[in-house]
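Novice:
Numbering (our numbering), first residue to last: 307 to 461.
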């Protein structure tokens, strides 16, 4: 018999001799002690023990419910805060885009020079050129398609 098996046998011997168990006793031996103790109780002691066990189960349920409610509240609060931050960021981004659109309008109406547009937009030359090209492409895409029939007949 190896050392581990010898320790288990000693724990079982202590159990059967109704001696105090070692704090390292396996959980199945500790459970056996609980079962035997509950069987040796009188009716009143069993009722009290059952009430205590029910109380612990109820307390565990309360704790579990409280944890779940806390998680839900935390999740709700996190979603609300995230939504508010997202809305704020969207507003700021919208303001910036609106400012950029207004500056491009002024440039197209020859109110601002390219140099002024570059300074006010706070973009680098490549970014600004890209925006101007993008704006021009959008305008061209919005123009209605038309066929000049006079050109067709001249050929």
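From the three backbone atoms N, C-alpha and C, an ideal C-beta is built for every residue, glycine too.
For residue 413, count the other beta carbons within 10 Å of its own beta carbon; 16 or more makes it buried, fewer makes it exposed. Which is it?
Specialist: Stepping through the chain shown from its first residue, residue 413 is reached at position 107. Per the 10 Å Cβ criterion, buried.
Novice: Skipping 5 residues on each side, what residues in its chain have a beta carbon closer than 6 Å to that of residue 441?
Specialist: Reading the chain shown from its first residue, position 135 is the one you call residue 441. 410, listed in sequence order.
Novice: How about residue 418: is its Cβ closer than 6 Å to a heavy atom in the ligand ZN?
Specialist: Within the structure as shown, the ligand ZN is missing, as the structure has no ligands at all.
Novice: Look at residue 321 and residue 335 and say whether their C-beta atoms are less than 7 Å apart.
Specialist: Residue numbering aside, residue 321 sits at position 15 when the chain shown is read from its first letter. Residue numbering aside, residue 335 sits at position 29 when the chain shown is read from its first letter. Their beta carbons are under 7 Å apart, which means residue 321 touches residue 335 by this criterion.
Novice: Can you check whether the CB of residue 317 is closer than 7 Å to the CB of residue 331?
Specialist: Here residue 331 refers to the residue found at position 25 when the chain shown is read from its first residue. Here residue 317 refers to the residue found at position 11 when the chain shown is read from its first residue. Cβ distance < 7 Å, so residue 331 and residue 317 count as in contact.
Novice: For residue 345, count neighbouring Cβ atoms within 10 angstroms of its own Cβ and tell me buried if that reaches 16, exposed if not.
Specialist: Position 39 of the chain shown, counting from 1, holds the residue named residue 345. So residue 345 ends up on the exposed side.
Novice: With a threshold of 8 Å, are at least 3 pairs of Cβ atoms found where one atom belongs to the segment 396-411 and the other to the segment 421-438?
Specialist: yes
Novice: Taking the C-alpha atoms as reference points, what is the distance between residue 461 and residue 399?
Specialist: Residue 461 sits at position 155 when you count from the first residue of the chain shown. Residue 399 sits at position 93 when you count from the first residue of the chain shown. At residue 461, the pLDDT of 49 sits below 50, so the modelled position is not reliable; the number obtained from the coordinates is stated separately. In a straight line, the C-alpha of residue 461 is about 52 Å away from that of residue 399.
Novice: If residue 423 and residue 434 are in contact, beta carbons under 8 Å, what's the gap, nearest whole angstrom?
Specialist: Counting from one through the chain shown, the residue named residue 423 turns up at place 117. Counting from one through the chain shown, the residue named residue 434 turns up at place 128. About 7 Å; that satisfies the 8 Å criterion.
Novice: What did DSSP end up calling residue 461 once you bin it into helix, strand or coil?
Specialist: Within the chain shown, residue 461 is the residue found at index 155, counting from 1. With a pLDDT of only 49 at residue 461, under 50, the local geometry of the prediction cannot be trusted, and the value read off the model is given with reservation. Residue state for residue 461 is assigned as coil, using DSSP reduced to three classes.
Novice: Along the alpha helix (DSSP H) that carries residue 436, what are the first and last residues, could you check?
Specialist: Translated into positions along the chain shown, residue 436 becomes position 130. Run containing residue 436: 431-448, per the alpha helix (DSSP H) assignment.
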